[in-house]
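Contents: one structure, followed by commentary.
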Amino acid sequence: MAVATAVTLFAPDPGFVWVLPALCAFPLFPFVTLAEGAIRGEGQPETWLLIAELVLCVLAQSLVLGTIVEASRGRLRRRPRAS
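Residue numbers (our numbering): 792 to 874.
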């Protein structure tokens with residue numbers, strides 16, 4: 792995300808730099824953009840809103856994937872409970 796933002800800000804032609812972050816957030820990103828479009832109505836969203844949605848989707852997806860990996864390794868069950 793930082794590299795894509797830096798390229799967008801400082802390169803004369805950023806090209807397709809936002810393709811990889813969008814693919815990393817793809818499972819959740821379409822639902823968020825559809826919900827945002829339904830709330831805002833017609834029209835092009837602002838760039839900052841689109842980037843904020845992308846960042847939140849990447850963070851949420853990494854949290855879910857990390858939880859799935861930890862659960863599949865069994866580490867969540869071996870941790871002692873706090874009393």
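Beta carbons: idealized from backbone N, C-alpha and C, even for Gly.
Since this is a predicted model, take the numbers as computed values, not measurements.
- A distance of 8 Å or more separates the beta carbons of Pro818 and Leu845.
- C-alpha of Ile842 to C-alpha of Ala795: approximately 10 Å in a straight line.
- In the assembly as shown, Ala797 is an exposed residue. Its beta-carbon has fewer than 16 other beta-carbons within 10 Å.
- Excluding the 5 residues flanking it on each side, Pro836 has no same chain C-beta neighbour closer than 6 Å.
- In the DSSP assignment, Gln852 falls within the alpha helix (DSSP H) that extends over Thr838 to Arg864.
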